[in-house]
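Heads up: the sequence shown runs through residues 757 to 900, numbered per the working numbering.
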Amino acid sequence: MTDGEDPIAVDAYDELADSYAEEVRENPYNAHLEFPATTSLIPDVAGEQVLDAGCGTGVYTEWLLEQGADVVGMDASEAMLDHARDAIGDRATFHQADLEKPLDFAETDAFDGVVSALALGYVADLRDPFGEFARVLEPGGFLV
Numbered sequence: 757m758t759d760g761e762d763p764i765a766v767d768a769y770d771e772l773a774d775s776y777a778e779e780v781r782e783n784p785y786n787a788h789l790e791f792p793a794t795t796s797l798i799p800d801v802a803g804e805q806v807l808d809a810g811c812g813t814g815v816y817t818e819w820l821l822e823q824g825a826d827v828v829g830m831d832a833s834e835a836m837l838d839h840a841r842d843a844i845g846d847r848a849t850f851h852q853a854d855l856e857k858p859l860d861f862a863e864t865d866a867f868d869g870v871v872s873a874l875a876l877g878y879v880a881d882l883r884d885p886f887g888e889f890a891r892v893l894e895p896g897g898f899l900v
């Protein structure tokens with residue numbers, strides 16, 4: 757969140773994390789439309805380093821791991837990250853981070869790909885995350 761923006765979305769996700777974790781996998785929109793459409797855009801990630809930006813409870817993190825990727829997940833909501841850690845354990849690394857701030861945990865050219873599903877709608881100025889995605893993606897990397 758930017759300094760001038762009310763962090764209401766993060767607060768809401770912190771409060772709703774338990775119910776969100778249960779609903780996200782079974783919600784017809786997510787399960788039958790959004791998730792299949794998004795995953796169809798992701799190239800082969802076996803052996804690739806992938807950032808799940810705005811990972812929430814780890815739905816895409818888990819899928820990326822199943823495809824053979826090494827995954828780093830990040831989200832602004834610590835409660836959502838707790839669910840991701842519970843579901844995924846140490847198979848991925850997680851960071852609490854804001855998409856509108858520098859991704860200090862990531863080196864330049866650190867990732868082969870970035871997946872950010874349904875998270876960018878909460879960002880006031882898309883130049884911030886896209887600038888960071890460009891920095892952390894290696895040349896020729898993908899962004900979905």
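Yeah, the Cβ is synthetic: ideal placement off N, Cα and C, and Gly gets one too.
Keep in mind the model is a prediction, meaning the values are calculated, not measured.
query: Across which residues does DSSP place L807 in a beta bridge pair?; result: V828, V870
query: Please classify Q805: is it buried, with 16 or more other beta-carbons within 10 angstroms of its beta-carbon, or exposed?; result: buried
query: Short of 7 Å in beta carbon distance, which residues of its chain neighbour T902, apart from the five on each side in sequence? Order them along the chain.; result: The question about residue 902 has no answer here: the residues shown for the chain are numbered 757 through 900.
query: With L876 as the anchor, note down where its beta strand (DSSP E) starts and where it stops.; result: Per DSSP, L876 belongs to no beta strand (DSSP E) and is neither H nor E.
query: Helix, strand or coil for F898, going by three-state DSSP, please let me know.; result: strand
query: Once DSSP output is grouped into helix, strand and coil, what is the label at T795?; result: helix
query: Quick one: is E856 buried, meaning 16 or more other Cβ sit within 10 Å of its Cβ, or exposed?; result: buried
query: Exposed or buried, P895, counting other C-beta atoms within 10 Å across all chains shown (16 or more means buried)?; result: exposed
query: Have a look at F791 and V870 and give me their C-alpha separation to the nearest angstrom.; result: 16 Å
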